[in-house]
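Residue 15 in numbering that gives the first Met the number 0 sits at position 16 of the sequence shown, and the numbers go up by one each step.
Backbone N, C-alpha and C define an ideal beta-carbon position, used for all residues, glycine too.
The next block holds one structure in the form of structure tokens; read it before the comments.
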Amino acid sequence: MKKKYDYTERVTLCSDGKYRWRYDVHLLKNPSILFDVWKVLGISIGVVIVFVMLLVGCGDGFDVDSLKGAGGAMLITAAILGVVSILGYLFYAAMVGWKYEVLFTMDEKEVVHQQSPASARKAQRVGKLTAMAGAAAGRPGVVGTGMLAASYTTMITELADVKRLIPCRKMHLIKANELLEKNRVYVADEDFDFVYEFLCQHCPKASR
Numbered sequence: 000m001k002k003k004y005d006y007t008e009r010v011t012l013c014s015d016g017k018y019r020w021r022y023d024v025h026l027l028k029n030p031s032i033l034f035d036v037w038k039v040l041g042i043s044i045g046v047v048i049v050f051v052m053l054l055v056g057c058g059d060g061f062d063v064d065s066l067k068g069a070g071g072a073m074l075i076t077a078a079i080l081g082v083v084s085i086l087g088y089l090f091y092a093a094m095v096g097w098k099y100e101v102l103f104t105m106d107e108k109e110v111v112h113q114q115s116p117a118s119a120r121k122a123q124r125v126g127k128l129t130a131m132a133g134a135a136a137g138r139p140g141v142v143g144t145g146m147l148a149a150s151y152t153t154m155i156t157e158l159a160d161v162k163r164l165i166p167c168r169k170m171h172l173i174k175a176n177e178l179l180e181k182n183r184v185y186v187a188d189e190d191f192d193f194v195y196e197f198l199c200q201h202c203p204k205a206s207r
């Protein structure tokens, strides 16, 4: 029978040689998740801007009026997406009780970011609501997003594959970025330096 371990707010070395702890991300006080959403939106908008500018340039040429028109449309789109992202974030935060509860397990090979059972159940409800709303609106892409959100509750990062470590002490956050996936390691102030140094020692390919 697999032994169950307790997760406390402090990083604890367990009998199996793994470190375990829990952290509750207060979604209004700690906007790190919202900032990640904005970063993804910013990259997407940037790609669209480049594409639109290329279309304008190939069609009408790069004159001042066409550039102003395209730029104005992109700014309006960015503003709308910004407002929608904030509203969506607040909706999600309210649905999960204004906090994101996460459990961490770390050893020399990997770090596991796992939603607590209570937080996972809440996230699954939000995902199912998103899928239902997408189905009702006839939008299969929204259905897929909702189903993914309902099932994606754990991220495992192999430390040997981490390309960059970014400490964000004010947000109690260490970003462990692989080539395609980006893990978010939250830890209390008292153990922040220990966890960061441990990751630095066991992520040989990571830049800092």
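Compare the Cα-Cα distances from His25 to each of Pro116, Gln200, Val186, Ala159 and report the closest residue.
-> Mapped onto the sequence shown, residue 25 falls at position 26. Of the candidates Pro116, Gln200, Val186, Ala159, Val186 places its Cα closest to the Cα of His25.
Locate the alpha helix (DSSP H) running through Leu198, then write down its first and last residues.
-> In the sequence shown, counting from the first residue as 1, residue 198 sits at position 199. Annotation: the continuous alpha helix (DSSP H) that includes Leu198 extends over 188 to 201.
Note down the Cα distance separating Ala205 from Ile79, rounded to an integer number of angstroms.
-> For the purposes of this step, residue 205 is taken as residue 206 along the sequence shown, with counting starting at 1. For the purposes of this step, residue 79 is taken as residue 80 along the sequence shown, with counting starting at 1. If I take the Cα positions, the gap works out to 36 Å.
Val211: which of Ser115, Leu40, Met94 sits nearest, CA to CA?
-> The structure shown does not extend to residue 211, since the chain is modelled only from 0 to 207, so the question has no answer here.
Under 8 Å between the Cβ atoms of Asp190 and Trp20?
-> Locating residue 190 in the sequence shown gives position 191, counting from the first residue. Locating residue 20 in the sequence shown gives position 21, counting from the first residue. Yes. Within cutoff.
Go ahead and pull the three-state DSSP assignment for Trp97.
-> Position 98 of the sequence shown holds residue 97. If DSSP states are grouped into helix, strand and coil, Trp97 belongs with coil.
What are the residues that DSSP puts in a beta bridge with Asp106?
-> On the sequence shown, position 107 is the one that residue 106 refers to. Looking at the DSSP output, Asp106 bridges to nothing.
Would you call Gly143 buried or exposed, if buried means 16 or more other Cβ atoms sit within 10 Å of its Cβ?
-> To locate residue 143, count along the sequence shown from 1; it is residue 144. Because the pLDDT at Gly143 is just 35, under 50, the model does not fix this residue reliably, and the point stays unresolved.
Cα-Cα, which of Thr76, Leu158, Leu74 is closest to Glu109?
-> On the sequence shown, residue 109 is found 110 positions in, with the first residue counted as 1. Shortest Cα-Cα distance from Glu109 to any of Thr76, Leu158, Leu74 involves Leu158.
Selected residue, minimal CA-CA separation from Leu178, among Lys169, Lys162, Met170 | Here residue 178 corresponds to residue number 179 of the sequence shown, with the count starting at 1. Closest in alpha carbon position to Leu178, among Lys169, Lys162, Met170, is Lys162.
Spatial neighbours of Gly16 within its chain, please: CB distance less than 7 Å, with the 5 preceding and 5 following residues excluded, ordered by chain position.
-> Working through the sequence shown from its first residue, we reach residue 16 at position 17. Cβ-Cβ distances below 7 Å link Gly16 to Asp106 in the same chain, with the five nearest sequence neighbours on each side left out; the list follows chain order.
Whose CA, out of Asp23, Lys174, Phe193, Thr104, lies closest to the CA of Tyr4?
-> Position 5 of the sequence shown holds residue 4. Check the Cα spacing between Tyr4 and each of Asp23, Lys174, Phe193, Thr104: the tightest is with Thr104.
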